[in-house]
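2 protein chains.
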Amino acid sequence: MDIEITRIANGLTVVTDPMPQLESTAVGVWVDCGARNETRAQMGLSHMLEHMAFKGTARRNARQIAEEIEAVGGYLNAYTSREQTAFHARILKADVPLAVDILADILTSPAFEAGELERERQVVLQEIGQARDTPDDIIFDHLQSVAFPDQPMGWPILGDEDSVGSFAREDLKTYMAANYRAGAMTLISSGAVEHARMVELAEEKFANLPRGESSETLPARYEGGDLRLSEPHEQAHVVYGFPGIAGNDPDIYAAQVYVTALGGGMSSRLFQEVREKRGLCYSVYAFANAFRDGGLIGIYAGTGEDEAAGLSAVVAGEMASLAETANADEIARAKAQLKSGLLMGLERPAARAEQIASQLLTYGRVLAVSELTEKLEAVDVSAVRRFGSRLMQAAMPALVALGPVNKLETYSAFANRFGAVGSRAAE
Amino acid sequence: MDIEITRIANGLTVVTDPMPQLESTAVGVWVDCGARNETRAQMGLSHMLEHMAFKGTARRNARQIAEEIEAVGGYLNAYTSREQTAFHARILKADVPLAVDILADILTSPAFEAGELERERQVVLQEIGQARDTPDDIIFDHLQSVAFPDQPMGWPILGDEDSVGSFAREDLKTYMAANYRAGAMTLISSGAVEHARMVELAEEKFANLPRGESSETLPARYEGGDLRLSEPHEQAHVVYGFPGIAGNDPDIYAAQVYVTALGGGMSSRLFQEVREKRGLCYSVYAFANAFRDGGLIGIYAGTGEDEAAGLSAVVAGEMASLAETANADEIARAKAQLKSGLLMGLERPAARAEQIASQLLTYGRVLAVSELTEKLEAVDVSAVRRFGSRLMQAAMPALVALGPVNKLETYSAFANRFGAVGSRAAE
Chain A
1 MDIEITRIAN GLTVVTDPMP QLESTAVGVW VDCGARNETR AQMGLSHMLE
51 HMAFKGTARR NARQIAEEIE AVGGYLNAYT SREQTAFHAR ILKADVPLAV
101 DILADILTSP AFEAGELERE RQVVLQEIGQ ARDTPDDIIF DHLQSVAFPD
151 QPMGWPILGD EDSVGSFARE DLKTYMAANY RAGAMTLISS GAVEHARMVE
201 LAEEKFANLP RGESSETLPA RYEGGDLRLS EPHEQAHVVY GFPGIAGNDP
251 DIYAAQVYVT ALGGGMSSRL FQEVREKRGL CYSVYAFANA FRDGGLIGIY
301 AGTGEDEAAG LSAVVAGEMA SLAETANADE IARAKAQLKS GLLMGLERPA
351 ARAEQIASQL LTYGRVLAVS ELTEKLEAVD VSAVRRFGSR LMQAAMPALV
401 ALGPVNKLET YSAFANRFGA VGSRAAE
Chain B
428 MDIEITRIAN GLTVVTDPMP QLESTAVGVW VDCGARNETR AQMGLSHMLE
478 HMAFKGTARR NARQIAEEIE AVGGYLNAYT SREQTAFHAR ILKADVPLAV
528 DILADILTSP AFEAGELERE RQVVLQEIGQ ARDTPDDIIF DHLQSVAFPD
578 QPMGWPILGD EDSVGSFARE DLKTYMAANY RAGAMTLISS GAVEHARMVE
628 LAEEKFANLP RGESSETLPA RYEGGDLRLS EPHEQAHVVY GFPGIAGNDP
678 DIYAAQVYVT ALGGGMSSRL FQEVREKRGL CYSVYAFANA FRDGGLIGIY
728 AGTGEDEAAG LSAVVAGEMA SLAETANADE IARAKAQLKS GLLMGLERPA
778 ARAEQIASQL LTYGRVLAVS ELTEKLEAVD VSAVRRFGSR LMQAAMPALV
828 ALGPVNKLET YSAFANRFGA VGSRAAE
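Protein chains in written order, with this note's numbering: chain A, 1 to 427; chain B, 428 to 854.
This is the structure:
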């Protein structure tokens with residue numbers, strides 16, 4: 001990897017990651033602004049802005065944006081997360097200048113036309129409906145709000161009917177002026193690209209971005225608790241959450257190995273115990289979400305109404321057991337999976353660009369693959385057990401259950417499986 | 428692309444597609460057997476066999492299969508479609524022999540142990556529950572059964588509670604003996620591979636596959652009709668289907684350009700009219716599924732209860748309008764999208780292996796990229812209009828609607844927008 005980084009005069013960071021053997025490029029702008037930058041009234045505004053960027057600029061209407069990129073076989077999309085909003089394109093190499101021109105156009109002079117806003121509001125309301133119709137999607141929004149209640153880190157990214165219904169053109173303009181500043185934005189390209197040319201393009205196209213850095217956000221404050229919604233689903237969808245760690249916490253590598261060994265593949269403890277041995281679930285997995293100043297470790301499982309009865313005990317039991325008996329073989333397997341995932345990701349330009357964005361957000365620099373693999377290699381059995389033990393101390397897990405969940409054990413029964421050793425001994 | 432193909436002594440086809448710049452490989456076995464090979468009582472048996480292949484062999488139990496592949500950072504998975512079942516791995520190049528050994532082991536000497544079958548039955552029932560909890564997934568199973576009723580082409584791939592509940596060990600063994608013959612199977616690898624070495628591995632590991640070719644299947648017989656299920660979803664999920672064409676029909680390229688222009692991207696007619704202009708949907712798109720002897724052209728839309736009222740008229744209107752007024756610009760855009768999709772797919776080993784499998788199934792040979800792009804290039808405005816007009820003649824569209832669908836226009840009102848010109852004129 002021969003990554004080059006230049007900060008141009010207004011503060012925009014330009015990163016190029018050449019993959020000379022390719023005929024195409026992934027190019028995008030990552031903005032350090034997402035749901036956690038919003039006040040309660042602004043809930044969903046980052047996402048609405050992401051949508052509205054495509055709805056016309058001073059030079060192009062929405063249809064022209066779509067037609068220009070697709071006329072050259074390009075693909076333009078965007079996503080909003082809690083800490084970032086990304087606008088990205090996949091494009092053949094000859095058309096990189098066009099992609100940069102369009103990205104710059106939608107990010108520096110969006111029209112936010114009132115009629116378009118009215119229509120896009122309806123589209124976003126449909127998007128909210130679609131998410132709600134997908135229990136194994138919406139459950140993660142609920143988890144986030146249970147883990148981080150009454151604070152920006154817990155808002156649903158899409159907002160809700162009330163907030164989405166309230167946004168006016170001025171709100172978008174004010175929010176953009178406050179958050180879409182050059183110092184909070186990074187133009188990243190992986191694939192068939194040359195750094196000097198990208199810097200030149202950035203200087204030309206993004207010249208009028210306002211100066212300024214990322215705006216401050218409130219700290220993430222984990223609380224935990226539970227939410228159960230008896231909805232008419234076939235499955236009981238259950239997610240368990242525990243306070244995690246920030247992306248730049250040195251323990252993040254141990255956390256990744258831990259979740260992989262717990263529920264990251266077919267040989268993981270949860271897959272073996274919950275699916276292979278007990279046949280309780282089709283989907284069961286663990287994950288580690290990391291933010292700038294915190295994180296969330298979680299486990300998702302989809303199971304039947306009756307099968308839900310024993311689920312929580314098995315999940316807590318596997319967590320306790322991994323914290324005590326994690327062994328060298330399973331840790332080696334988890335590390336091998338994480339390393340090959342890294343190496344295979346390097347073969348895909350879009351995955352590379354996204355990883356660069358994530359590292360810049362987390363560390364303020366791009367990590368060499370060798371640095372990442374060394375850090376993974378350094379994780380040993382005791383580090384994983386230590387991390388697992390720390391999770392077992394959680395005073396207040398987060399638990400969300402949707403569907404036929406009446407047989408799932410109570411929150412307090414589940415929470416009592418965790419917490420200080422003293423309180424567990426006293427049960 | 429320097430693809431090499433060898434048929435080894437027992438009839439197994441070995442295809443290698445070297446990508447010398449890569450450090451990893453996608454390798455898998457594609458079997459010409461899927462849901463359409465099943466009788467009604469066997470509904471879901473192909474998929475159950477796919478699951479049970481991973482549950483132990485003469486040499487390895489289920490846990491060993493998982494542990495061996497994941498110990499080297501590999502990833503093993505499988506899927507069942509209507510005409511094929513695929514077992515595939517992503518693996519670093521040094522471990523390709525291990526992946527081939529495991530694939531051969533699970534495909535030539537699965538144990539189908541009775542206790543494992545009982546547990547896996549529960550897992551598949553959970554998978555069915557999960558699919559039913561995802562309306563924009565399960566709706567395509569319903570579409571298939573409405574389009575191709577009472578015939579293997581219309582079975583749900585997962586089967587149902589009754590069929591899955593009935594499978595015994597003998598059923599798996601008999602079905603495998605009838606369908607998993609060397610002549611019906613292809614070992615495909617894309618990435619860091621050498622053909623001579625793969626042939627050698629195949630000869631060593633797959634030697635005891637039974638000889639024989641693909642088994643016959645009943646012809647696909649399109650009928651159409653409608654199914655509405657008033658379920659408590661947020662959105663009305665609606666899918667419209669029309670008789671399509673086989674993958675080896677020379678019109679398949681016109682069909683692909685047609686669906687791309689109709690609903691394949693942001694600049695497509697449906698996206699512009701349904702989402703951008705009317706704000707009715709978040710998701711709306713068109714697709715062309717092709718089988719060996721037929722196909723299905725479809726449109727999916729997720730919308731609100733009130734918004735559903737006008738949806739069918741708009742969809743039919745856009746189809747009629749595209750058939751009459753398709754223009755050179757939009758056809759050029761659709762072709763550019765399809766071509767760049769092809770070129771970008773070439774950068775991903777798993778996508779390449781899958782495309783090779785699909786071409787071998789459809790054409791009995793691998794097509795050069797230049798041949799595909801030439802065929803796409805040759806599609807002109809009149810070919811697209813012709814294909815669109817053919818769809819407008821459909822006597823019996825297929826229509827499935829799930830959710831709050833009481834305001835959607837009736838099936839007969841929708842069907843009357845199609846059919847012979849005479850009958851339309853007579854309305």
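Every residue, glycine too, gets a C-beta built ideally from N, C-alpha and C.
Looking only at its own chain, which residues have a Cβ that is under 6 Å from the Cβ of B/Leu855, when we skip the five neighbours before and after it? Absent from the structure is residue 855 of chain B, since the part of chain B shown begins at 428 and ends at 854.
Close-in-space but distant-in-sequence residues of the same chain around B/Pro831 (CB under 6 Å, 5 per side omitted): These residues qualify, in order along the chain: Ala663 and Glu732.
Chain-order list of residues whose beta-carbon lies under 8 Å from that of B/Arg702 (same chain, five-residue window excluded): Cys708, Tyr709 and Val711
Looking at chain B, is there any beta carbon in it that lies within less than 8 Å of the beta carbon of A/Ser321? Chain B has no Cβ within less than 8 Å of the Cβ of A/Ser321.
Sequence-distant residues of its chain with Cβ nearer than 6 Å to B/Ile518 (five each side left out): Thr452, Gly501 and Ala526
Considering only the alpha carbon of each residue, which of A/Asp226, A/Pro250 and A/Gly56 lies closest to A/Phe242? A/Asp226
Kindly identify the DSSP beta-bridge partner or partners of A/Val405. Partner(s): none; A/Val405 has no beta bridge.
For A/Glu234, name the three-state secondary structure that DSSP assigns. coil
Under 8 Å between the Cβ atoms of A/Gln337 and A/Gly247? It is not a contact, given that the beta carbons lie outside the stated cut-off.
Our contact map puts A/Ile356 next to A/Val366 with C-beta atoms below 8 Å; I'd like the distance itself, whole angstroms only. 5 Å
Of all the residues that make up the segment 818 to 836 of chain B, which are near chain A by a beta-carbon distance shorter than 8 Å? Gly830
Quick check on A/Asn416: does DSSP put it in helix, strand or coil? coil
DSSP state of B/Phe698, grouped into three classes? helix
Quick check: the Cα distance between B/Gly438 and A/Leu187, rounded to an integer number of angstroms? 52 Å
With a cut-off of 8 Å on the beta carbons, I'd call B/Tyr680 and B/Val808 a contact; round off their distance for me. About 14 Å separates the two Cβ atoms, so there is no contact after all.
Amino acids of chain B, ordered along the chain, whose beta-carbon sits closer than 7 Å to that of A/His233: Asp560
Using the Cβ count rule (16 or more neighbours within 10 Å means buried), how would you classify B/Gln557? buried
State the DSSP-derived secondary structure class of A/Ile3, mapped to helix, strand or coil. coil
Let's see if you can read the secondary structure: which residues bound the beta strand (DSSP E) around B/Thr452? Ser451 to Val458
If we ignore side chains and look at the alpha-carbon of each, how far apart do A/Ala168 and B/Asn754 end up? 37 Å
Which residues in chain B have a C-beta closer than 8 Å to the C-beta of A/Ser24? List them in chain order. Ser767, Leu770, Met771 and Glu774
Amino acids of chain D, ordered along the chain, whose beta-carbon sits closer than 9 Å to that of A/Arg90: Looking at the structure shown, chain D is missing, and the protein chains on hand are A and B.
How would you list, in chain order, the residues of chain A whose beta-carbon sits under 9 Å from the beta-carbon of B/Tyr685? The premise fails here: B/Tyr685 is roughly 15 Å from chain A at the closest Cβ pair, so nothing lies under 9 Å.
Under 8 Å between C-beta atoms of A/Leu399 and A/Tyr240: yes
Look up A/Ala78 in the DSSP assignment and give the residues it is bridged to. A/Phe87
Would you mind working out which of A/Gly159, A/Gly165 and A/Leu76 sits nearest A/Gly119, comparing C-alpha positions? Note that residue 119 of chain A is Arg in the sequence shown, not Gly. Looking at the Cα atoms, A/Gly165 is the closest of the given residues.
So what's A/Asn37 in DSSP terms, helix, strand or just coil? Here A/Asn37 sits in helix by DSSP.
Going by DSSP, what residues sit across from A/Ala239 in a beta bridge? With the sequence shown as reference, residue 239 of chain A is identified as Val, and Ala is not the correct amino acid for it. Note: A/Val239 sits in a beta bridge opposite A/Tyr300 and A/Val400.
A/Leu92 - partner residues in DSSP beta bridges: A/Ser24
Please confirm whether B/Thr535 has its beta-carbon closer than 8 Å to some beta-carbon of chain A. no
Considering B/Asp653, what are the terminal residues of the beta strand (DSSP E) in which it resides? Gly652 to Leu656
Expressed to the nearest angstrom, what Euclidean distance is found between the alpha-carbon atoms of A/Ala78 and A/Phe87? 4 Å
Per DSSP, what kind of secondary structure is B/Ile615 in: helix, strand or coil? strand
Going along the chain, which unbroken runs of the alpha helix (DSSP H) with 4 or more residues stay wholly within the segment 530 to 594 of chain B? 541 to 559, 562 to 574 and 588 to 593
I need the straight-line Cα distance from B/Gly542 to A/Met266, nearest angstrom please. 19 Å
Proximity to A/Asn406 [Cα-Cα], best of A/Leu125, A/Gln42, A/Asp150 and A/Gly310: A/Gly310
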